[in-house]
Every structure is written in structure tokens, then in C-alpha cells.
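To start, the structure under review is shown below, and the notes come after it.
Residue numbers (our numbering): -15 to 152.
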């Protein structure tokens, strides 16, 4: 059986725009030059990432082509390596890879929780949002910034790219 083909995305939390450029340059040899990028959005729903900075922005990047969904754990491991390389002396970015297809947004995590499925190598997968009745919909566990709808426009652009590329 063939693995599902998906659009690879990643969220990037950053404080300095030069670090966003560094992430994009660092990911290009691994995943390609981003095909689409969201508008920067202030990340202010939690203080969880204050080790990076109390004032953060989030951008989403979408990468070209369709890839096997089974690569999610590898993508997260690559993201963790890049985060470690950003230390100055603490990490300067957070990189959260995942994917979009016609029905869902799936994100990778290193944190276990009741709604996450273990993949391998310390990596879990979470269906963060679902697309239903022509709209992105949250679950009760969906992060507040995702549930707010602020990323829906970008996720819809990526979903449309997936639909175009997935057609035989």
C-alpha cells in the first residue's frame, strides 16, 4: 500500500527576522525552497516559549511537491537539530513541522499527551485541525492560536495546493 501523499509545512516561531531567513536557508537543502509563506502573526497566547523571547512571531512555510506522510518523525528530528544549531546561547527559533492534506492538519511533537499518537524516536503526531464543511475546525485540545482561526487562510491555500497536486 502506498503512503498518503501530503503537503509538508512547518511553523516557525522567531523573534528576529534574520533568524526566519536562517531557518528558510537551512531548510532549503532538506525540504526545498518554500512554495508559500504565511503572513507573520504575533504569538501571544502562551508564555511557553519565553526561553526564546517573550515577544515572538509565527510564520508558516509550505514546501513544494507532495511527500510521504510517513516522514513526519524524520522532519521533526531535522527541526530539532536546526533548533539546536540556532542556540546563541539559548535557542533562537522553534520549528514545528507537519502536513496538510484534504482533510487535516497534522503536527509533530516531542511531548506526549492523550490525544497524540506515538510514531517513533520520541516523536508524536497530532491531528491539530480538521477540514469539514468547507471550514477548518478545531478540537477541544487544539492550541488556542490555531482554534482562533488566524491561520485558516494559509491552511486553505496549502489545502488547495494539495488538491491540485494530488489529482491524478
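A virtual CB, placed ideally from N, CA and C, is assigned to each residue, including glycine.
If you're wondering where the values come from, they're calculated on a predicted model, not measured in any experiment.
Among residues of its own chain, excluding the 5 on either side of residue i, which ones have a beta-carbon nearer than 8 Å to its beta-carbon?
{"i": "residue 56", "result": "81, 82, 83, 90, 92, 103, 107, 109"}
Look at residue i and residue j and say whether their C-beta atoms are less than 7 Å apart.
{"i": "residue 11", "j": "residue 27", "result": "no"}
{"i": "residue 78", "j": "residue 139", "result": "no"}
{"i": "residue 147", "j": "residue -9", "result": "no"}
{"i": "residue 141", "j": "residue 20", "result": "yes"}
{"i": "residue 128", "j": "residue 29", "result": "yes"}
{"i": "residue 18", "j": "residue 50", "result": "no"}
Assign residue i to one of three DSSP states: helix, strand, or coil.
{"i": "residue 64", "result": "helix"}
Short of 6 Å in beta carbon distance, which residues of its chain neighbour residue i, apart from the five on each side in sequence? Order them along the chain.
{"i": "residue 52", "result": "-13"}
{"i": "residue 16", "result": "47, 48"}
With residue i as the anchor, note down where its beta strand (DSSP E) starts and where it stops.
{"i": "residue 82", "result": "77 to 84"}
Would you mind listing the alpha helix (DSSP H) stretches within the region 92 to 150 that are 4+ residues and don't spill past its ends, in chain order? 128 to 131, 136 to 150
Length at least 4, wholly inside the region -1 to 63: the alpha helix (DSSP H) runs in chain order: 1 to 15
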